[in-house]
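Numbered per the working numbering, the sequence shown spans residues 4 to 133.
Backbone N, C-alpha and C fix where the C-beta goes; we use that ideal spot for every residue, glycine too.
Note sheet for the following structure.
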Amino acid sequence: MLLAHARVNPSAAEWSAYCRDLRRWRAELGGILVRSDGGGPNALQRGEMTDAIEAERTTVRTAVVTVSRVARGIVTALSWINAQIKAFSPLQQDAALSYLGVTDDERAEVLAELERLRALLGAEAASERI
């Protein structure tokens, strides 16, 4: 599963839709790749996500790639609840893909789809990373 955040936080409706998809597809997910330009869930939304993940006592390996040190700190706090979540800077994107078990053959397709999602959000292009 791919999730992209722009610089602004997701709306309540956007986040609820994501959590519904997470509940629906959880059993089939090999991992979740999150790319954020600084935006992310608020405390209430993080609780909603935790409820979605813990509904069947399953965890999904998740890599959060973000420029925000604050967001990486929040991911660290989330890892106390879900040991399968890990934060990466954009310069560590390859390490994030490895963490998720994305093969070399799959990487180009995954990154292309992620950039498509980011373009829909108006996020910075990957070439503009720090």
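Helix, strand or coil at residue i according to DSSP, with G and I counted as helix
i      : result
Ile84  : coil
Leu25  : helix
Arg10  : coil
Thr69  : strand
Ile133 : A caution first: Ile133 carries a pLDDT of 36, below 50, which makes its placement in the model too unreliable to give a value.
Arg64  : coil
Val37  : strand
Leu5   : strand
Proximity of residue i and residue j at Cβ, strictly below 8 Å
i      : j      : result
Leu159 : Val113 : Summary: the structure shown does not reach residue 159, with the chain confined to residues 4 through 133, and so no result is reported for it.
Gly33  : Val11  : no
Leu5   : Glu109 : no
Residue from the options whose Cα sits closest to the Cα of residue i
i      : options                        : result
Ala7   : Gln96, Val67 and Val73         : Val67
Arg49  : Gly33, Ala30 and Trp83         : Trp83
Ala90  : Asp108, Ala30, Leu47 and Ile35 : Ile35
Val73  : Ala55, Leu5 and Ser92          : Ser92
Gly125 : Glu31, Val105, Asp40 and Val70 : Asp40
Val70  : Asn85, Asn45 and Val37         : Val37
Ala86  : Glu57, Asp108 and Glu109       : Glu57
Glu31  : Trp18, Ala9, Val63 and Ser14   : Val63
*Three or more C-beta pairs below 8 Å linking the region 66-82 and the region 15-30*: no
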